[in-house]
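In the UniProt record's numbering, the protein residues as written are 1 to 366.
For reference, the structure is listed below as structure tokens.
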Ligand SMILES: O=C(O)CCC(=O)C(=O)O
Ligand SMILES: [Fe+2]
């Protein structure tokens, strides 16, 4: 039976309420993109006009040798400029990264009744897994061509009880084997602000972890859609595993001479992980480190997957610029916010327009 979405309600029912997601739409093989997914021209991604980031990946194994300071410099420089960099020799086994991508595909190929067990607020797994589509479909004028499951980490026991069977052990293993690298990068960035870091500070900055499987199914007309609309990440840092298809674009801080936005493709590099700065680290660093806007394209023939690991402060932390970072500039660019309030703001807004959530914490923002 051919499904037609004559009203926006019927599309909403199919995609959101029944839990088919945009994968369900893609599987129907429609010749055209439903209107709800068609982005306004200014939000479409022009691949031809974008350059590819040619920065070489940073070799983290050199942190243990004579080039330690040089590698620290590379990390700090990247965090201060583009806010994105790639790392290799990061200590996470490459087979584990391959299994994660493979398992993300497997999860989204499960029958609907198996996947919907993990929908937000529907199952006992509710608070620690969240299967969803787009970002906030109830509030967005246009939807993102993306489904995802978030796995929120609070303890091994809870993860083993509630996360999907097919990936719970693998994702826990990833968290374990990536933690040294994550901590190493965060400590380098914090120390570089002149802040002395101890265990309580580390906990304050990176106490919570969330892993997503992002799934971008094939799209009949990728030029009209986005996989993920412009946004910056919420947390301290994000570690992103992308597949070989690529499609991640980062906005350069300044518009070019003609006043146009410039977007750089972060190309897939075999074995590499992408690291990017989140809003919270921009606030903690008093604006020294950049939480860059980014977005993703869709593809017409193959499904793309990505696996971000979001590192965040715990919800009860009060987040404001470190005094040392304020001293460097002479004044505070951000006020103190409760992490919980920042999160509510972040998840209560669509990924649209040029409004930045971080302005919520900016002092004297217009
Ligand atoms: O899929 C990607 O390459 C980027 C994903 C991303 O930006 C996110 O999940 O926040
Ligand atoms: Fe992101």
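Note that beta-carbon positions come from the ideal geometry of N, C-alpha and C, so glycine has one too.
What you are looking at is a predicted structure, and each value in this text was computed from that prediction instead of being measured.
- For the 7 Å CB-CB criterion, residue 222 and residue 300 form a contact.
- Ranking 24, 77, 193, 258 by CA distance to the CA of residue 111 puts 24 first.
- When secondary structure is reduced to three states using DSSP, residue 238 falls in the strand class.
- When the alpha-carbon of residue 159 is set against those of 118, 263, 361, 81, the nearest one is in 118.
- For ligand 1, no non-hydrogen atom lies closer than 6 Å to the CB of residue 282.
- By the Cβ test, the stretch 178 to 188 is not in contact with the stretch 143 to 154, since fewer than three Cβ pairs between them sit closer than 8 Å.
- Per DSSP, residue 289 is not a residue of any alpha helix (DSSP H), being assigned neither H nor E.
- Assignment of residue 280 by DSSP, reduced to helix, strand and coil, places it in the helix class.
- For residue 211, same chain residues with a beta-carbon under 6 Å away, outside a window of 5 residues either side, are 151, 171, 309 in chain order.
- The beta carbon of residue 81 sits closer than 8 Å to those of 253, 290, all from its chain and outside the five residues before and after it, given in chain order.
- Between residue 333 and residue 146, the alpha-carbon positions lie close to 34 Å from each other.
- Under the DSSP assignment, residue 86 falls in the beta strand (DSSP E) whose first and last residues are 84 to 88.
- In the displayed model, residue 36 falls within a helix according to three-state DSSP.
- With a cutoff of 7 Å on beta-carbon distance, residue 66 and residue 87 are scored as not near each other.
- Within the DSSP secondary-structure output, residue 318 pairs in a beta bridge with 338.
- With 16 or more other Cβ atoms from the protein chains shown falling within 10 Å of its own Cβ, residue 321 counts as buried.
- Every residue whose Cβ sits closer than 6 Å to any heavy atom of ligand 1 is listed here in chain order: 212, 214, 228, 233, 240, 242, 248, 294, 296, 306, 308.
- Here DSSP, grouped into helix, strand and coil, assigns residue 24 to helix.
- In this structure, 140 is the residue among 140, 105, 96 with its C-alpha nearest to the C-alpha of residue 35.
- Shown here, residue 72 sits in a helix according to DSSP, grouped into three states.
- Residues of the same chain with a CB within less than 8 Å of the CB of residue 93, apart from the 5 flanking positions on each side, are 177 in chain order.
- Remark: three or more beta-carbon pairs, one from each stretch, lie closer than 8 Å, so the stretch 277 to 288 and the stretch 312 to 331 are flagged as touching.
- In the DSSP assignment, residue 156 falls within the alpha helix (DSSP H) that extends over 156 to 162.
- Counted as a single uninterrupted DSSP element, the alpha helix (DSSP H) harbouring residue 177 occupies residues 168 to 191.
- In the pairwise beta carbon analysis, the stretch 263 to 273 is classified as touching the stretch 37 to 50: at least three pairs are separated by under 8 Å.
- Between the stretch 196 to 210 and the stretch 310 to 320, the count of C-beta pairs closer than 8 Å reaches three or more; the two stretches touch.
- Residue pairing for residue 308: DSSP places it in a beta bridge opposite 240.
- If you ignore the 5 residues before and after residue 335, its C-beta comes within less than 7 Å of the C-beta of 320, 361, 363, all in its own chain and listed in chain order.
- Annotation for residue 100: 170, 174, 241, 307 place their beta carbon closer than 7 Å to its own, counting only its chain and skipping 5 residues before and after.
- With distances taken between CA atoms, residue 255 lies nearest to 293 out of 293, 128, 323, 349.
- Residue 213 carries a strand assignment under DSSP once its states are collapsed to helix, strand and coil.
- For residue 231, there is no enclosing alpha helix (DSSP H); the enclosing beta strand (DSSP E) has its first and last residue at 228 to 231.
- For residue 104, the uninterrupted alpha helix (DSSP H) run begins and ends at 94 to 108, by DSSP.
- In terms of CA proximity to residue 273, 182 leads the group 182, 9, 71.
- Under DSSP, the beta-bridge partners assigned to residue 131 are 119, 149.
- Beyond the five residues adjoining it in sequence on each side, residue 345 comes within less than 7 Å, by CB distance, of 357, 360 in the same chain, given in chain order.
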